[in-house]
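What follows is a set of notes on a single structure, which appears directly below.
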Amino acid sequence: MAGEKEPLEHMEEAAKDADTAAALVGHALDETNQPRYDDKETIKLMRRVDWRVLPMLTFLYLISFLDRGNIGNAKVAGMNDDLGLTGAQFNMAVTVFFIPYAIFEVPSNIVLKLMRPSWWISIIVTAWGTVMLCQGFVQNYHGLIATRIILGVTEAGFFPAAAYLVTTWYCRFEVQRRMALFYSAASLAGAFSGLLAFGIQHMDGVGNLAGWRWIYILEGILSVLAGLATPFVLPDSPDTAGFLTAAEKATIKFRLEQDSGTAAGKVSTTESFQWKFLWAALFDWKIWFAVFIFWGNTVPLYAFTYTAPSIILELGYTSAQAQLLTIPIYLVGMISTLGCSWLADRRRTRWPFIVIPYSVGVIGFLGLLAIPHPRLPGLTYGWLFFIPAGLYPPVITMASWLGNNLAPTWKRSIGIALGISLANAGGIVGSNIFIAKQAPHYWLGYGFCFGCVCVAILSTLVLRYAYKTANEKRDKLSEEEVRAKYTEQELLDLGDYSPLYRYVL
Numbered sequence: 419m420a421g422e423k424e425p426l427e428h429m430e431e432a433a434k435d436a437d438t439a440a441a442l443v444g445h446a447l448d449e450t451n452q453p454r455y456d457d458k459e460t461i462k463l464m465r466r467v468d469w470r471v472l473p474m475l476t477f478l479y480l481i482s483f484l485d486r487g488n489i490g491n492a493k494v495a496g497m498n499d500d501l502g503l504t505g506a507q508f509n510m511a512v513t514v515f516f517i518p519y520a521i522f523e524v525p526s527n528i529v530l531k532l533m534r535p536s537w538w539i540s541i542i543v544t545a546w547g548t549v550m551l552c553q554g555f556v557q558n559y560h561g562l563i564a565t566r567i568i569l570g571v572t573e574a575g576f577f578p579a580a581a582y583l584v585t586t587w588y589c590r591f592e593v594q595r596r597m598a599l600f601y602s603a604a605s606l607a608g609a610f611s612g613l614l615a616f617g618i619q620h621m622d623g624v625g626n627l628a629g630w631r632w633i634y635i636l637e638g639i640l641s642v643l644a645g646l647a648t649p650f651v652l653p654d655s656p657d658t659a660g661f662l663t664a665a666e667k668a669t670i671k672f673r674l675e676q677d678s679g680t681a682a683g684k685v686s687t688t689e690s691f692q693w694k695f696l697w698a699a700l701f702d703w704k705i706w707f708a709v710f711i712f713w714g715n716t717v718p719l720y721a722f723t724y725t726a727p728s729i730i731l732e733l734g735y736t737s738a739q740a741q742l743l744t745i746p747i748y749l750v751g752m753i754s755t756l757g758c759s760w761l762a763d764r765r766r767t768r769w770p771f772i773v774i775p776y777s778v779g780v781i782g783f784l785g786l787l788a789i790p791h792p793r794l795p796g797l798t799y800g801w802l803f804f805i806p807a808g809l810y811p812p813v814i815t816m817a818s819w820l821g822n823n824l825a826p827t828w829k830r831s832i833g834i835a836l837g838i839s840l841a842n843a844g845g846i847v848g849s850n851i852f853i854a855k856q857a858p859h860y861w862l863g864y865g866f867c868f869g870c871v872c873v874a875i876l877s878t879l880v881l882r883y884a885y886k887t888a889n890e891k892r893d894k895l896s897e898e899e900v901r902a903k904y905t906e907q908e909l910l911d912l913g914d915y916s917p918l919y920r921y922v923l
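Under our numbering, the first residue of the sequence shown carries the number 419, and numbering increases by one thereafter.
Below is the structure:
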């Protein structure tokens, strides 16, 4: 008899879940069939998702930025002297990281879509932690170059994976402030790296190892432990999340499907791989054009990350003081990123929150170019705050804008990775424009960064015009005209090219 009850119990449970899902869906959509963002039921559900998805992504991105950027702290702590590196050799060690980092981002996101995301992220985090640990034992320039190349390979997949993962949980105007939370770890890493380096370099001589070696070793161990823990902490998708009920899973999926910008349009969330989605991403000019906007961040910011401790050191401070004085600069960048992202989602727009922060960066670089170095060291330090404050917010806004305007999910996964990979090629340039012999003026560094940010502002206005024009053309078509020409499946496969889809501006 017990065996006969089980099917009935399952049917009752399924019916109950279906009723609950229907009720939740009613709360999740507004009168135009678009996702709600501010009703109590939706806020409660998405807050639970926040606590399970965002803390681990934030922590992993923090250690990712620590591990790629700590070479600047190691330099100040004596690495160049111990390894006999020239200024050009140090710049090359910074540069080679970005070549494989840019190349492997798209392949990494393809693998991400083919296996459990938590397992793939675990593999790459554990791998880069192991490389970082090995970097603490390099004995010469060639060993440092080798580890930096391998570090670029292993770190390549994380940011595009994390950015894509956020879009699989949240609707378009919920994405940016969530991305900002984990991306703000990049600015926090700049502050935390200086604090860590300040403490760790006092281990100089422990185990007969120099203090700069312990910076790599301890941060590498931390990354390995984090990578091993990832599959047990980070959920893969709404469909497989154990902390959600069946009704809650259905609600999240339904909200994402309705998130097309119009009441009639839908987007696919579970489509299987087809080559046309790959070609759609590779031949979308808007993704390639977005790279100019990204470069306004990556070229100056990577240059600044690797050079800031040295710039402060040249103001007359000690090595330890230079490490500590980077902390407030990066904290300002974190606050700026969180504030701009909150406003961008609240206002449901993107382009102003690229242009306005970049304008702050333009002012900062103009100020640094105008100062009669090396006089007025306090003023130089003050102008440094404008750089992360102006450059951190636009990259997360642009990543959100790109993700908001790509569908279906395969195109979004590949498109995000493609845009970010080409953007990170800017690190190759940024690593070589602050030339040691130009210190403390750095005419090339500050001037080139100024030009990159100006180009980014102009490119943002062009892309905004393209999206706006496309929306206006689609507004002229009625739903009846569109459905007479396309089937429902064809509209889903068209993704953001569908006449029923509207771009975020």
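Don't be surprised by glycine CBs; every beta carbon is placed ideally from N, CA and C.
The three-state reading of DSSP puts proline 790 in coil, since its state is none of H, G, I, E or B. Spatial neighbours of isoleucine 875 in its own chain (CB-CB distance under 6 Å, excluding positions within 5 residues in sequence) are listed in chain order as Val773, Tyr776.
For methionine 550, the enclosing alpha helix (DSSP H) starts and ends at 535 to 553. Scanning its chain for C-beta atoms nearer than 8 Å, with the 5 sequence neighbours on each side dropped, one finds around valine 514 the residues Ile563, Arg566, Ile567, Gly570, in chain order. Boundaries cannot be given for glycine 502, as no alpha helix (DSSP H) includes it and DSSP labels it neither H nor E.
A contact is defined here as three or more CB-CB pairs under 8 Å, and the segment 805 to 814 fails this definition with respect to the segment 474 to 486.
Taking a 10 Å sphere around the C-beta of histidine 560, we find fewer than 16 other C-beta atoms and assign the residue as exposed. Scanning the segment 569 to 603 from its first residue to its last, the whole alpha helix (DSSP H) runs of 4-plus residues come out as 576 to 585.
Scanning its chain for C-beta atoms nearer than 8 Å, with the 5 sequence neighbours on each side dropped, one finds around isoleucine 705 the residues Ala699, Leu820, Leu824, Gly833, Leu836, Gly837, in chain order. Taking 9 Å as the cut-off, the Cβ atoms of leucine 802 and isoleucine 853 do not count as close.
Excluding residues up to 5 positions away in sequence, Gly575, Pro578, Ala579, Tyr582, Ser831, Ile832, Ile834, Ala835 lie with their Cβ nearer than 8 Å to the Cβ of asparagine 527 in the same chain.
Of the other Cβ atoms in all chains shown, 16 or more fall within 10 Å of the Cβ of tryptophan 538; this residue is therefore buried. In the three-state reduction of the DSSP assignment, proline 917 falls in the coil class, being assigned neither a helical nor a strand state.
With the rule of 3 Cβ pairs closer than 8 Å, the segment 657 to 669 does not count as touching the segment 901 to 910. In its chain, beyond the 5 residues on either side, Ala721, Leu862, Gly863, Phe866 have a beta carbon closer than 7 Å to the beta carbon of isoleucine 851. At least 9 Å separates the beta-carbon of valine 543 from that of alanine 740. Annotation: methionine 621 to leucine 652 spans about 34 Å, alpha carbon to alpha carbon.
The beta carbon of valine 584 sits closer than 7 Å to the beta carbons of Val593, Arg596, Met597 from its chain, once the five residues preceding and following it are set aside; these are given in chain order.
Proline 718 is a Cβ neighbour of valine 871, given a cutoff of 9 Å.
In this structure, DSSP gives aspartate 657 a state outside helix and strand, which the three-state scheme calls coil. If you check the CB distance, serine 849 and tyrosine 748 do not come in under 9 Å. Minimum Cα-Cα distance from isoleucine 745 among the listed residues Pro727, Gly734, Thr755, Leu756 corresponds to Pro727. With a threshold of 16 other beta carbon atoms within 10 Å, tryptophan 632 meets it and is buried. In the assembly as shown, phenylalanine 672 is a buried residue. Its beta-carbon has 16 or more other beta-carbons within 10 Å. The C-beta distance from phenylalanine 868 to valine 750 rounds to 19 Å, too long to meet the 8 Å contact threshold.
By the beta-carbon neighbour count (other beta carbons within 10 angstroms, threshold 16), glycine 625 is exposed. Per DSSP, arginine 766 lies in no alpha helix (DSSP H) and is assigned neither H nor E.
For tryptophan 769, same chain residues with a beta-carbon under 7 Å away, outside a window of 5 residues either side, are Thr878, Arg882, Leu923 in chain order.
Cβ neighbours of leucine 463 within its own chain (closer than 7 Å, five residues either side excluded): Glu666, Thr669. In terms of Cβ geometry, phenylalanine 710 and alanine 884 do not form a close pair [threshold 9 Å].
Around the C-beta of glycine 502, fewer than 16 other C-beta atoms lie within 10 Å, and the residue is accordingly described as exposed. Selection Gly800, Cys552, Arg590 evaluated against aspartate 914 yields Arg590 as nearest (Cα-Cα).
Between the alpha carbons of aspartate 677 and glutamate 459 lies a gap of roughly 18 Å. Arginine 793 has its alpha-carbon roughly 43 Å from the corresponding atom of glutamate 523.
In the structure shown, proline 775 falls within a helical segment according to DSSP collapsed to helix, strand and coil.
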